[in-house]
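One structure is given below, encoded as structure tokens.
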Ligand code: SIN
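Numbering (the working numbering), first residue to last: 12 to 563.
Laid out in structure tokens, this is it:
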């Protein structure tokens with residue numbers, strides 16, 4: 012069934028004739044998923060749109076844990092897939108879990124070939140970490156907790172050296188231009204050079220969305236500021252089906268030091284034996300789950316949230332289990348603690364749950380195809396069904412490279428050669444009035460507070476209805492500010508799906524429906540049309556039809 016668009020919410024920002032000739036393959040986003048896809052597309056010419064200089068805007072750069080892959084002795088891809096399915100609380104797509112686990116070791120070898128210096132022992136075996144809900148030590152790492160930064164540095168060097176990749180830094184994409192159900196190009200804004208309100212259009216033979224997560228929609232997040240979830244709104248407005256938007260993962264151990272975004276204390280610390288204690292000195296996790304601090308992430312996040320709600324502070328205690336090793340083995344955490352004024356060798360680290368990862372996103376199949384012709388999505392912005400209701404730790408970087416490679420293969424084998432442009436220059440097009448930075452900052456602060464307060468770790472119908480009403484009010488005032496309009500629309504999709512799911516499952520916990528309901532063990536698929544129905548609380552859901560990758 013073709014997704015329908017609501018006339019009221021699907022307003023295109025600035026209509027203009029977008030009929031292109033040949034267009035570039037455009038990748039929006041320059042984190043791990045975007046850069047890996049670009050490299051896998053070589054030698055086809057690819058344009059990467061990056062809002063910030065390479066390496067500065069992407070969550071991947073901040074990943075501490077590493078990449079989960081069954082490369083250890085005694086491990087198997089079947090065990091990895093089974094752990095992924097178990098963590099996902101009943102709605103993981105088993106086929107996707109199997110193929111991602113199966114292709115993991117080959118993608119680790121690809122990363123090695125790009126120069127990623129994974130930690131190895133003297134015999135050349137990978138040094139593997141254990142994280143929550145993994146049955147084996149399986150997380151491949153770099154210099155302890157520097158996996159994200161090291162992987163990104165290697166890929167950035169490879170991209171800079173690749174003649175078929177053009178990177179447009181300092182450009183933000185704010186709308187997809189679709190014609191007759193097929194994406195034809197991207198509208199860009201280059202705030203530094205053109206000023207807000209002036210746009211450029213770049214035609215595309217294929218668009219890959221790789222923009223990361225939605226953390227910046229929340230007041231407390233471990234994600235960088237560009238993780239604004241805008242591409243979900245752009246895709247939804249173009250008619251794409253959005254999957255599982257209500258499933259948001261909160262990391263239980265963001266360092267609680269009034270720093271935005273909140274620095275992360277990696278779960279690998281708990282894998283090494285660090286414990287959680289409250290301000291009474293109680294190790295509260297064991298009373299909640301026999302797995303203690305290594306219970307699934309949603310369980311630990313809710314337990315920490317409950318302590319804070321009782322006005323007891325929560326701390327991560329690394330002193331006995333890790334002690335002085337922390338400085339060398341977890342240099343990123345050590346640096347974060349110093350910034351927060353904490354000595355983790357001698358002191359307790361104050362922690363709180365913070366938005367960390369979005370399991371939901373633009374619905375894609377196992378080639379990264381969305382429900383719109385000409386549009387692919389990879390990495391956190393996509394929802395393949397791998398993560399279900401709760402992502403298994405360190406599966407996100409893995410999904411980024413496995414699906415990035417698959418999308419690249421799909422694009423290169425489905426695009427007619429005559430459609431592929433070669434570094435087509437963006438053209439200026441009419442824009443709207445400039446956004447007012449002060450109004451935007453105030454509205455974004457309000458939006459982030461709404462999401463943390465009402466669409467956070469614990470939700471209920473009253474709070475979600477309040478959130479939807481307030482988000483709609485912000486949306487009404489966002490005319491002319493396309494960034495704010497995109498952020499608000501994505502936030503509404505998350506809140507509406509959370510209202511519709513009347514049960515608790517994985518990262519989605521409803522205090523008014525605290526049990527898991529087996530009859531609701533299925534994924535959510537919504538379009539803009541459904542959003543308005545859900546806001547009126549009468550919503551159908553529909554499974555997506557994946558588009559042919561390219562359609563004339
Ligand atoms: C962490 O290091 O705790 C985060 C890893 C992940 O989110 O997969």
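Ideal Cβ positions, reconstructed from N, Cα and C, are used throughout, including at glycine.
Give every residue of the same chain whose Cβ lies closer than 8 angstroms to the Cβ of residue 498, excluding the five residues on either side of it in the sequence, and list them in chain order. Counting from 1 along the chain shown, the entry for residue 498 is found at position 487. Only 227, 228, 239, 240, 241, 244, 455, 458 meet the Cβ criterion.
Considering residue 47, what are the terminal residues of the beta strand (DSSP E) in which it resides? For the purposes of this step, residue 47 is taken as residue 36 along the chain shown, with counting starting at 1. It is not in any beta strand (DSSP E) - residue 47 instead sits in the alpha helix (DSSP H) that spans 43-52.
Less than 9 angstroms between the C-beta atoms of residue 510 and residue 548, yes or no? Locating residue 510 in the chain shown gives position 499, counting from the first residue. Locating residue 548 in the chain shown gives position 537, counting from the first residue. Yes, these two residues count as a Cβ contact at 9 angstroms.
First and last residue of the uninterrupted beta strand (DSSP E) at residue 326: For this step, residue 326 is matched to residue 315 along the chain shown. Here the beta strand (DSSP E) through residue 326 covers 325-328.
Give me the Cα-Cα distance between residue 333 and residue 102, rounded to the nearest whole angstrom. For the purposes of this step, residue 333 is identified with residue 322 of the chain shown, where counting begins at 1. For the purposes of this step, residue 102 is identified with residue 91 of the chain shown, where counting begins at 1. Their Cα atoms are separated by approximately 36 angstroms.
With respect to the alpha helix (DSSP H) encompassing residue 345, which residues constitute its N-terminal and C-terminal limits? Position 334 of the chain shown holds residue 345. Looking at the DSSP string, the run of the alpha helix (DSSP H) that includes residue 345 is 342-350.
Quiz: which residues have CB nearer than 5 angstroms to ligand 1 non-hydrogen atoms: 75, 76, 277, 278, 404, 405
What's the gap between the Cα of residue 372 and the Cα of residue 386? Numbered from its first residue, the chain shown carries residue 372 at position 361. Numbered from its first residue, the chain shown carries residue 386 at position 375. Rounded to the nearest angstrom, the two C-alpha atoms are 14 angstroms apart.
Kindly list the residues whose CB is nearer than 7 angstroms to the CB of residue 99, restricted to its own chain and excluding five residues on each side of it in sequence; keep chain order. Mapped onto the chain shown, residue 99 falls at position 88. Answer for residue 99: 398, 399, 400, 401, 517, listed in chain order.
Taking only runs that begin and end inside the segment 219-269, name each unbroken beta strand (DSSP E) of 3 or more residues, in chain order. 259-266
Within the same chain, show all residues whose beta-carbon is closer than 6 angstroms to that of residue 109, passing over the 5 residues directly before and after it, in chain order. Within the chain shown, residue 109 is the residue found at index 98, counting from 1. Correct list, in chain order: 92.
What residue range is occupied by the uninterrupted alpha helix (DSSP H) comprising residue 90? Locating residue 90 in the chain shown gives position 79, counting from the first residue. From DSSP, the alpha helix (DSSP H) with residue 90 extends over 88-98.
Roughly how many angstroms lie between the CA atoms of residue 410 and residue 505, to the nearest whole one? Mapped onto the chain shown, residue 410 falls at position 399. Mapped onto the chain shown, residue 505 falls at position 494. Whole-angstrom Cα-Cα distance: 22 angstroms.
Answer with buried or exposed for residue 284, where buried requires no fewer than 16 other C-beta atoms within 10 angstroms of its C-beta. The residue labelled residue 284 in the question sits at position 273 within the chain shown. That one is exposed.
Whose CA, out of 351, 493, 528, lies closest to the CA of residue 270? Numbered from its first residue, the chain shown carries residue 270 at position 259. When each option's Cα is compared against that of residue 270, the closest is 351.
In chain order, what residues of the same chain have a beta carbon less than 7 angstroms from the beta carbon of residue 546, not counting five sequence neighbours either side? Along the chain shown, read from residue 1 onward, the residue named residue 546 stands at position 535. Excluding positions up to five away in sequence, the list reads 479, 507.
So what does DSSP say about residue 18, is it helix, strand or coil? In the chain shown, counting from the first residue as 1, residue 18 sits at position 7. The pLDDT assigned to residue 18 is 30, lower than 50, so where the model puts this residue is not dependable; a value taken from the coordinates is nonetheless given after this. The answer is coil: DSSP assigns residue 18 none of H, G, I, E or B.
Residue 357 to residue 340 span [Cα, whole Å]: Counting from one through the chain shown, the residue named residue 357 turns up at place 346. Counting from one through the chain shown, the residue named residue 340 turns up at place 329. Taking the straight line from one Cα to the other gives about 16 angstroms.
What did DSSP end up calling residue 431 once you bin it into helix, strand or coil? Walking along the chain shown from the start, residue 431 turns up at place 420. It is a strand residue.
Starting from residue 369, trace the beta strand (DSSP E) in both directions and tell me its first and last residue. Within the chain shown, numbered from 1, the residue matching residue 369 stands at position 358. Run containing residue 369: 360-369, per the beta strand (DSSP E) assignment.
Taking Cβ positions, are residue 256 and residue 494 nearer each other than 9 angstroms? Against the chain shown, residue 256 aligns to sequence position 245. Against the chain shown, residue 494 aligns to sequence position 483. Contact: no.
Per the contact definition of three or more C-beta pairs closer than 8 angstroms, is the segment 161-172 in contact with the segment 33-48? yes
Does DSSP put residue 461 in a helix, in a strand, or in coil? Residue numbering aside, residue 461 sits at position 450 when the chain shown is read from its first letter. The answer is helix: DSSP assigns residue 461 an H, G or I state.
Which residues bound the alpha helix (DSSP H) around residue 286? As a position in the chain shown, residue 286 is number 275, starting the count at 1. Not the alpha helix (DSSP H): residue 286 falls in the beta strand (DSSP E), residues 286-289.
Helix, strand or coil for residue 543? Go by DSSP, reduced to three states. Taking the first residue of the chain shown as position 1, residue 543 is located at position 532. If DSSP states are grouped into helix, strand and coil, residue 543 belongs with the helices.
Within 10 angstroms of its Cβ, does residue 20 collect 16 or more other Cβ (buried), or is it exposed? Residue mapping note: residue 20 aligns to position 9 of the chain shown, counting from 1. Residue confidence is low: residue 20 scores 31 on pLDDT, short of 50, so the model does not pin down where it sits. No coordinate-derived value is stated.
Counting only runs of 4+ residues fully inside the segment 464-499, write out the alpha helix (DSSP H) ranges in chain order. 472-487
Just checking my contact of residue 265 with residue 418 at CB under 8 angstroms: how many whole Å lie between their CB atoms? If you number the chain shown from 1, residue 265 lands on position 254. If you number the chain shown from 1, residue 418 lands on position 407. Actually they do not touch by this definition, with Cβ atoms about 31 angstroms apart.
Within 10 Å of its beta-carbon, does residue 267 have 16 or more other beta-carbons around it, so buried, or fewer, so exposed? The residue labelled residue 267 in the question sits at position 256 within the chain shown. With 16 or more other Cβ atoms within 10 Å, it is buried.
Quick one: what does DSSP say residue 195 is sitting in, helix, strand or coil? For the purposes of this step, residue 195 is taken as the residue at position 184 of the chain shown. Residue 195: strand per DSSP, three-state reduction.
From what residue to what residue does the alpha helix (DSSP H) around residue 109 run? On the chain shown, residue 109 is found 98 positions in, with the first residue counted as 1. Unbroken alpha helix (DSSP H) run through residue 109: 105-124.
Test item: CB-CB of residue 211 and residue 438 under 9 angstroms: Sequence index remark: in the chain shown, residue 211 carries index 200 (1-based). Sequence index remark: in the chain shown, residue 438 carries index 427 (1-based). It is a contact, given that the beta carbons lie within the stated cut-off.
If I measure Cβ to Cβ from residue 422 and keep anything under 7 angstroms in the same chain, skipping five residues before and after, which residues do I get? Residue 422 sits at position 411 when you count from the first residue of the chain shown. Result list for residue 422: 36, 52, 217, 387, 560, in chain order.
Backbone CA spacing between residue 84 and residue 274 [nearest angstrom]: Position 73 of the chain shown holds residue 84. Position 263 of the chain shown holds residue 274. So the two alpha carbons sit approximately 33 angstroms from each other.
Residue 141: buried (16+ other C-beta within 10 angstroms of its C-beta) or exposed? For the purposes of this step, residue 141 is taken as the residue at position 130 of the chain shown. Flag for residue 141 reads buried.
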